[in-house]
Structure formats: C-alpha cells, structure tokens
Amino acid sequence: GGADEEFRFVIYNDPSMYPLTSTLSNVSRSDLIGPEVGLRYDLGGEKFKLWGQTKLAVAANSERMRLKGNNIGLVTRQADFNVSTPGDPQPNRFSDRDRHSHVSEIIEQSLFAEAPLFAHIPILRRSTILSEARFRFGYTLLFVGHVARPFGSIYWAGNPSEGLFPSIDTKRTSFWTENYSFSINWTY
C-alpha cells in the first residue's frame, strides 16, 4: 500500500465496527487544443478607456478520467461488504479508467475599464506616483462546452459482495468561470 492508504481490520459481526472508513477519488482531466479567432475593440481616450476582447474556439478535447475508492456501498448492511483478511486488507477497493476525445466549444469574453481615478481623490492626488497612476478594472467570462465533470460522471453502484462497485459513466456538461482583476498602471 501507499502512504495515503488506510488499513483497518474489522470483524463484521462486531457492532462496534462503525464508523466505516470509505474513500472515493474521481479525477477528470481535459486537454483542449485548437485554433481560436478573436476581436479586440477599444473605446475612449486619455481620461477614460474601455476595451474588450471576444475569442471563439472549436477545440479537440482529450479527456482522461480516473476513479478509485474503497468501502462504497450501503453501509447499514454488513452483508454487502467483503470481509478483510491479512492477505487482502482492502477487499472492497475498486478503480476504473476511461479516455475520450471529442470537440468542445470555447467562448471567452473580457471587458476592461481604465481611468486616472487616483488623480481625483484629494489625499491620493498629492502623491506624484499615484496622481499619474491609472486604475484598471477587468472582468473575464470563460465558457467551455461538453466537458466531463468528475462528480457527474460516476455510476453509483455499491454492493461489493456482489461485485458491484462505482464506475465511470461519462456525462458532459458545460463549464464556466468568472474572473475579476484590479490593477494600477503607469505609462512612461
């Protein structure tokens, strides 16, 4: 066993066996590659500037999934679990792997605003450094379609004594994230 594994010997007719230690790890990795096209647009001037960019892509998505765990089943029924032995201390452990390739769409939208905000704040404009600084605020939205999500891609079978263990059942959904950025910018 590895350093992160836990070994516990349990007598199944012993009412003091609970709590039962159960583990589950499901990892999904998506590698996206493909061309993207984009458009950048700028508005404003020296006092206030607004700009943004829109990028679109159709990418090849190579997905790898790995599921592993131990003691997943109906824990209120002892008969559903295999009994540990010195030769097999984890008879209820399981693992599964899967790999797929398909196409995913990607949309990224960014908007930024920049202004000499500090030059208008009485105390801060006294500072030479801050009076020449420009405050920048940004927002980015990233959307990726048809991505396998770890939690949604598990077939939750659980009766180790019958050979039923959780396995990978790939389900795809969309993924999106929002990011905000704040910065101070000087132009020399």
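In terms of the numbering used here, the sequence shown has 47 at position 47, counting the first letter as 1, and numbering is strictly consecutive. Positions of the beta carbon are idealized from the N, C-alpha and C atoms, including for glycine.
Check: Can you tell me whether leucine 39 is buried or exposed, with buried defined as 16 or more other CB within 10 angstroms of its CB?; Outcome: exposed
Check: Once DSSP output is grouped into helix, strand and coil, what is the label at glutamate 46?; Outcome: coil
Check: For phenylalanine 9, name the three-state secondary structure that DSSP assigns.; Outcome: Since pLDDT at phenylalanine 9 reaches only 45, below the 50 mark, its modelled position is unreliable, and no value is offered.
Check: Since tryptophan 193 and phenylalanine 143 should fall inside the 8 Å C-beta cutoff, what is the C-beta to C-beta distance between them, to a whole number of angstroms?; Outcome: The structure shown does not extend to residue 193, since the chain is modelled only from 1 through 188, so no value can be given for it.
Check: Residues bridged to alanine 148 by DSSP?; Outcome: Arg172
Check: So, is the C-beta of phenylalanine 94 closer than 8 Å to a C-beta in chain B?; Outcome: This model lacks chain B altogether, as it is built from one protein chain only.
Check: Can you give the Cα-Cα distance for serine 101 and threonine 54, rounded to whole angstroms?; Outcome: 26 Å
Check: Taking just the CA atoms, how far does arginine 97 sit from asparagine 70?; Outcome: 15 Å
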